[in-house]
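Those sequence lines, one after another, are chains A and B.
Heads up: the first sequence at position 123 corresponds to 123 in this note's numbering, and the numbers run straight through without jumps.
For this note's numbering, count along the second sequence from 1 and bump the result up by 1000.
All C-beta atoms in this analysis are idealised placements derived from N, C-alpha and C, irrespective of residue type, glycine included.
Below: one structure, written as structure tokens.
There are 2 protein chains.
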Amino acid sequence: MARAGLTADRVTLTGAELADEVGLDHVTMSAVARRLGVKDASLYAHVRNLEDLRGRIALLAADEKTIRIAEATAGRAGKDALVAYANAYRDYAHEHPGRYTATQIPMHIDPELLAQAPGPRRAIELTYSMLRAYRLDEPDLTDAVRMMRSMLHGFINLEAAGGFAHARPVEDSWARCLDALHTLLQNWHEHREGDPA
Amino acid sequence: MARAGLTADRVTLTGAELADEVGLDHVTMSAVARRLGVKDASLYAHVRNLEDLRGRIALLAADEKTIRIAEATAGRAGKDALVAYANAYRDYAHEHPGRYTATQIPMHIDPELLAQAPGPRRAIELTYSMLRAYRLDEPDLTDAVRMMRSMLHGFINLEAAGGFAHARPVEDSWARCLDALHTLLQNWHEHREGDPA
DNA sequence: AGTTTCTTCCTAATGACTCTAGGAAAGAGG
DNA sequence: CCTCTTTCCTAGAGTCATTAGGAAGAAACT
Chain A
1 MARAGLTADR VTLTGAELAD EVGLDHVTMS AVARRLGVKD ASLYAHVRNL EDLRGRIALL
61 AADEKTIRIA EATAGRAGKD ALVAYANAYR DYAHEHPGRY TATQIPMHID PELLAQAPGP
121 RRAIELTYSM LRAYRLDEPD LTDAVRMMRS MLHGFINLEA AGGFAHARPV EDSWARCLDA
181 LHTLLQNWHE HREGDPA
Chain B
1001 MARAGLTADR VTLTGAELAD EVGLDHVTMS AVARRLGVKD ASLYAHVRNL EDLRGRIALL
1061 AADEKTIRIA EATAGRAGKD ALVAYANAYR DYAHEHPGRY TATQIPMHID PELLAQAPGP
1121 RRAIELTYSM LRAYRLDEPD LTDAVRMMRS MLHGFINLEA AGGFAHARPV EDSWARCLDA
1181 LHTLLQNWHE HREGDPA
């Protein structure tokens, strides 16, 4: 019997490919095994169970996305960097819808596995260091990071879910939102609480 | 044999309760049937299949959420209305995590069913009419609506997914984001494209 | 009341999926 | 060549979704 040469990474990658093709919730152990030309049971030597596999796909996606963003923002600053960051984020989600979906499910990921993965930590560092160009101090910096992540994540999410039904092209709204985000970050310290409408 | 008195609405409601308790992806036909004291197959008289049930839960949630928002914003204007809107949105998501999850999956809902449900349409009307207080014209209005929805949706999503690990209290960041959103809407027309960092 | 008809719920069955346990065989190191 | 570990398989139990067809309650008609 020829060995298939399975590893946890190969199983994860196959799962990720499948997720992009048919959607994350059609990624089953059976389907992954089928694609690898292997019986279902064989996968359990490399991956604890389906949930674990999903977690690994999420981690893989986080790593890949972070690398993309790092490459895109390298050598840029200010609005340039912001736009590059946001577009890299969105492009990744478009190219890998299944992987992206995996990143946004409430993660009950194996903590040990998570500690090894550089993606999530790296992503946060990247974001903070990019926003530092806007000269924000804590706790403003954290608030700004959260706001930015919310906006990007939410936009991409709604777009993917078909939430933007209006005739206005999504591209245009996206560009406009980035403009707005930039100005917002520039003037972050100005709009403190208070001042009702 | 005592009849259980099933209807599509009762099945949907049971599914929604289950979703809030154990998470949307643990809502199975079997589980719903068990809770209703009925055999799995009986449900298929009222609901086409599992996907249809999920869609109905999503629609139910949309309706409920819209009603909450409408109540919260009634009689308010400007920033007051914005904050009420956002908090009603977020509170609903916190109280009904399963239902909320249902609203954000890529919906392939029965179009006929969707046409009957007032929720989604009503939600959009509400949002537009609230933002009209900021005196925006198309296409700015649509862009602003999209931005606002993205931010709220994204924030709540990340929060639910445990994406805010930093020490800074989420409540504070939330308040700050609403402040920022308000100022942003007030000055929307000012930050057009161009002006690099 | 008796009959018809519709709806509601059941039994039965199929096929897909997850996951466990125990065995065989391939490759590595001695 | 022998032993050990890893890799993969066979077998099997349990859950789930879904369909088909039947029985029993309810309501409407005679």
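Just to confirm my understanding: we take residue i, look at its own chain, exclude 5 residues before and 5 after, and list those with CB closer than 8 Å. What are they?
i, result
"TYR1128 (chain B)", "LEU1141 and VAL1145"
"ALA117 (chain A)", "LEU59, ALA62 and ASP63"
"PHE1164 (chain B)", "LEU1158, VAL1170 and SER1173"
Express the C-alpha separation of residue j and residue i in angstroms, rounding to a whole number.
i, j, result
"VAL1170 (chain B)", "LEU59 (chain A)", "24 Å"
"LEU136 (chain A)", "HIS189 (chain A)", "8 Å"
"ALA1016 (chain B)", "ALA81 (chain A)", "43 Å"
"HIS1153 (chain B)", "ALA1160 (chain B)", "11 Å"
"LEU1114 (chain B)", "ALA1123 (chain B)", "13 Å"
"ALA1133 (chain B)", "THR1012 (chain B)", "37 Å"
"THR14 (chain A)", "LEU1126 (chain B)", "44 Å"
"TYR85 (chain A)", "MET1029 (chain B)", "42 Å"
"ARG1056 (chain B)", "ALA1045 (chain B)", "15 Å"
"ARG76 (chain A)", "GLY119 (chain A)", "21 Å"
"GLY1023 (chain B)", "VAL1032 (chain B)", "13 Å"
"GLU112 (chain A)", "THR1183 (chain B)", "42 Å"
"ALA180 (chain A)", "LEU50 (chain A)", "41 Å"
"ALA175 (chain A)", "LYS79 (chain A)", "12 Å"
"ASP40 (chain A)", "LEU18 (chain A)", "15 Å"
"THR73 (chain A)", "ARG121 (chain A)", "17 Å"
From this set, the options, which residue's C-alpha is nearest residue i's C-alpha?
i, options, result
"MET1148 (chain B)", "B:HIS1094, B:GLN1186, B:ARG1056 and B:HIS1108", "B:GLN1186"
"VAL47 (chain A)", "A:ALA77, A:ALA31, A:CYS177 and A:ASP9", "A:ASP9"
"ASN87 (chain A)", "A:ILE105, A:GLY5 and A:CYS177", "A:CYS177"
"ASP143 (chain A)", "B:ALA1070, B:PRO1139, B:MET1151 and B:PRO1111", "B:MET1151"
"LEU1053 (chain B)", "B:ASP1179, B:ALA1180, B:ARG1099 and B:ARG1076", "B:ARG1099"
"ARG68 (chain A)", "A:GLY55, A:SER42 and A:GLU95", "A:GLU95"
"PHE1155 (chain B)", "B:GLU1138, B:PRO1139, B:SER1173 and B:ARG1168", "B:SER1173"
"GLU1071 (chain B)", "B:HIS1026, B:HIS1166, B:MET1130 and B:ARG1034", "B:MET1130"
"ASP20 (chain A)", "A:ARG76, A:ALA61, A:THR73 and A:ILE109", "A:ALA61"
"GLY162 (chain A)", "B:GLN1104, B:GLY1119 and B:ALA1165", "B:GLN1104"
"THR1101 (chain B)", "B:HIS1182, B:HIS1026 and B:ALA1165", "B:HIS1026"
"LEU6 (chain A)", "A:LEU43, A:ARG34 and A:GLY23", "A:LEU43"
"GLU1138 (chain B)", "A:ALA167, A:ASP40 and A:ALA41", "A:ALA167"
To which residues of the same chain is residue i closer than 6 Å at the C-beta, ignoring the five residues directly before and after it?
i, result
"LYS1065 (chain B)", "TYR1092"
"ARG35 (chain A)", "THR14"
"ILE1109 (chain B)", "GLY1055"
"ARG1090 (chain B)", "ILE1156"
"VAL83 (chain A)", "LEU178"
To which residues of the same chain is residue i closer than 7 Å at the C-beta, ignoring the five residues directly before and after it?
i, result
"PRO1097 (chain B)", "ASP1020 and ALA1160"
Report the residues of the region 130-144 of chain A with a CB closer than 9 Å to any CB of chain B, ordered along the chain.
ALA133, TYR134, GLU138, PRO139, ASP140, THR142, ASP143 and ALA144
Members of the region 1063-1094 of chain B that neighbour chain A once the beta carbon cut-off is set at 9 Å
ALA1077, GLY1078, LYS1079, ASP1080, ALA1081 and LEU1082
Scan the region 1041-1059 of chain B for residues whose Cβ lies nearer than 8 Å to a Cβ of chain A and list them as they occur along the chain.
The residues in question: there are none.
Of the residues that make up the region 1151-1163 of chain B, which ones have a beta carbon closer than 8 Å to any beta carbon in chain A?
MET1151, LEU1152, HIS1153, GLY1154, PHE1155, ASN1157, LEU1158, ALA1160, ALA1161, GLY1162 and GLY1163
Against chain A: residues of the region 1011-1045 of chain B by CB proximity under 9 Å
GLY1023 and ASP1025
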